[in-house]
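Chains as they are written, first to last, in the working numbering: chain A, 1 to 115; chain B, 1 to 344.
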């Protein structure tokens, strides 16, 4: 699963979302995602620190689901592998990588929405 | 389709804001009315305070999750029959199976495909409307003197002879088709198929009263009388064949499996009424007419015709239909041969 080999945002998925729900609505949706995702990423960090597997899994699950919605497929795939992972075996580096992937997806989504 | 659109009142339960906004938008675009809540407990409180036609339910939620909501619903008589469509991004068939076992009507993977969402909401909503209609009739029966009389005898809650047309429909070669496809695609195919067939039947005044696998039975003329029931049934049958053909064209273009259906229609008196126990009643039609329609449907493959009707249906049809006499046929399980006609 290398993020470099596939686009950060699959524009076909993103375009379909715009077609189905309207471009203005998608801007609102992206803003909500950009607002909420950092909280979910923070939830994953604190859940890892507190060894709260449920909370960790739920946050990863939400991020995966949202990533797939916007066509952020590499980000979603990383979130999915953390959703399915055994928490005790999750390394800090995996969280940092997910945060980095989010940063890239967020930047690309802003471009797509606001040109 | 000629049938008027009915907006459904839908409760959306979803903890993730992005998913909640998106699903609400998709449902509103279909013309339905949405109320959103973000966890299981709120969902139950809301359901107890106002009526809904359908619930879209997420599984992964803090506090009370979707599985627990489904479990709780099954214990509450008032809410037990609310159709629930689970929308989830959870991996694995086991989760789908668990939802269905807990009483969910359907399962949609996230991100939710808008076309599937429309088809499943329509199918669930239609089934609920039929159930509500039946319940209303039971209620009426239950208050009448007839019902009291019947209640003493236990079973037949007001069975009576009514003139009607009965229609059977089946997908040809469905078992072979089902074996060649992954289970999710089989369900998806069936759902689309039912949506189309329900539409055709409902728009001609018929009522679907049984679904068995890929087959269904519809009645024209009961529970409510229907003028020209034979004509209505035949028109519905022709429209169903036409819709299946249209659907197959789309499927072919998309590289999916095509479907062909067979339709059998018979007219005459049927014994119609509510059967069951005090707790659970269902509207049933039985009798020779019903058997004949089923046998005719079974003959469509051999006869190589999509729609077969009996002599009584033929008599009521009048002009305006292309009818071909196939002569007397010996139907399975019948001692006397029956005059069979094909309509196209």
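Ideal Cβ positions, reconstructed from N, Cα and C, are used throughout, including at glycine. Treat the numbers as computed from the prediction; the structure is a model and nothing was measured.
Given a threshold of 16 other Cβ atoms within 10 Å of its Cβ, counted over all protein chains shown, does residue i qualify as buried or as exposed?
i, result
"residue 297/B", "buried"
"residue 19/A", "exposed"
"residue 198/B", "buried"
"residue 90/B", "buried"
"residue 92/A", "exposed"
"residue 327/B", "exposed"
"residue 16/B", "buried"
"residue 52/B", "buried"
Report the option in the options whose CA atom is closest to the CA atom of residue i.
i, options, result
"residue 42/A", "66/A, 106/A, 19/A and 55/A", "55/A"
"residue 88/A", "52/A, 96/A and 62/A", "52/A"
"residue 32/B", "19/B, 118/B and 17/B", "118/B"
"residue 62/B", "184/B, 83/B, 38/B and 77/B", "38/B"
"residue 321/B", "333/B, 341/B, 330/B and 331/B", "341/B"
"residue 229/B", "331/B, 300/B and 313/B", "313/B"
"residue 50/A", "114/A, 99/A, 68/A and 90/A", "90/A"
"residue 319/B", "329/B, 68/B, 175/B and 234/B", "234/B"
"residue 209/B", "330/B, 193/B and 130/B", "130/B"
"residue 6/A", "73/A, 86/A and 111/A", "73/A"
In whole angstroms, what separates the C-alpha of residue i from that of residue j?
i, j, result
"residue 289/B", "residue 263/B", "14 Å"
"residue 216/B", "residue 308/B", "16 Å"
"residue 252/B", "residue 258/B", "7 Å"
"residue 95/A", "residue 17/A", "28 Å"
"residue 122/B", "residue 23/A", "26 Å"
"residue 76/A", "residue 180/B", "31 Å"
"residue 54/B", "residue 203/B", "22 Å"
"residue 115/B", "residue 10/B", "17 Å"
"residue 323/B", "residue 305/B", "11 Å"
"residue 99/B", "residue 128/B", "19 Å"
"residue 13/A", "residue 190/B", "26 Å"
"residue 93/B", "residue 310/B", "44 Å"
"residue 347/B", "residue 166/B", "Residue 347/B falls outside the range modelled here, since chain B spans only 1 to 344, and no answer is possible."
"residue 82/A", "residue 39/A", "16 Å"
"residue 65/B", "residue 325/B", "60 Å"
"residue 141/B", "residue 224/B", "With a pLDDT of 46 at residue 141/B, under the threshold of 50, the modelled position of that residue is not reliable, and the figure given next carries that caveat. Using only the alpha carbons, I get a separation of about 13 Å."
"residue 236/B", "residue 31/A", "48 Å"
"residue 174/B", "residue 212/B", "12 Å"
"residue 15/A", "residue 291/B", "52 Å"
Between which two residues does the beta strand (DSSP E) carrying residue i extend?
i, result
"residue 170/A", "This structure does not reach residue 170/A, given that chain A is present from 1 up to 115, and the question cannot be answered."
"residue 109/B", "106 to 109"
"residue 9/B", "9 to 13"
"residue 344/B", "No beta strand (DSSP E) contains residue 344/B, which DSSP labels as neither H nor E."
Could you pull the start and end residues of the alpha helix (DSSP H) that residue i belongs to?
i, result
"residue 56/A", "53 to 70"
"residue 20/B", "17 to 29"
"residue 288/B", "288 to 303"
"residue 77/A", "73 to 83"
"residue 102/A", "92 to 114"
"residue 87/A", "First-last for residue 87/A: undefined, no H or E at that position."
"residue 43/B", "40 to 49"
"residue 317/B", "311 to 317"
Self-check item: Entirely enclosed beta strand (DSSP E) segments - the region 223 to 278 of chain B, minimum 3 residues
Solution: Taking only runs of at least 3 residues, the beta strand (DSSP E) segments lying wholly in the region 223 to 278 of chain B are 261 to 276.
Exercise. Counting only runs of 4+ residues fully inside the region 145 to 219 of chain B, write out the alpha helix (DSSP H) ranges in chain order.
Key: Every unbroken stretch of the alpha helix (DSSP H) spanning 4 or more residues and falling wholly within the region 145 to 219 of chain B is given here in chain order: 145 to 153, 174 to 180 and 183 to 203.
Quiz prompt | In chain order, each beta strand (DSSP E) run of at least 3 residues that lies wholly inside the region 67 to 139 of chain B | solution = You should have 84 to 88 and 106 to 109.
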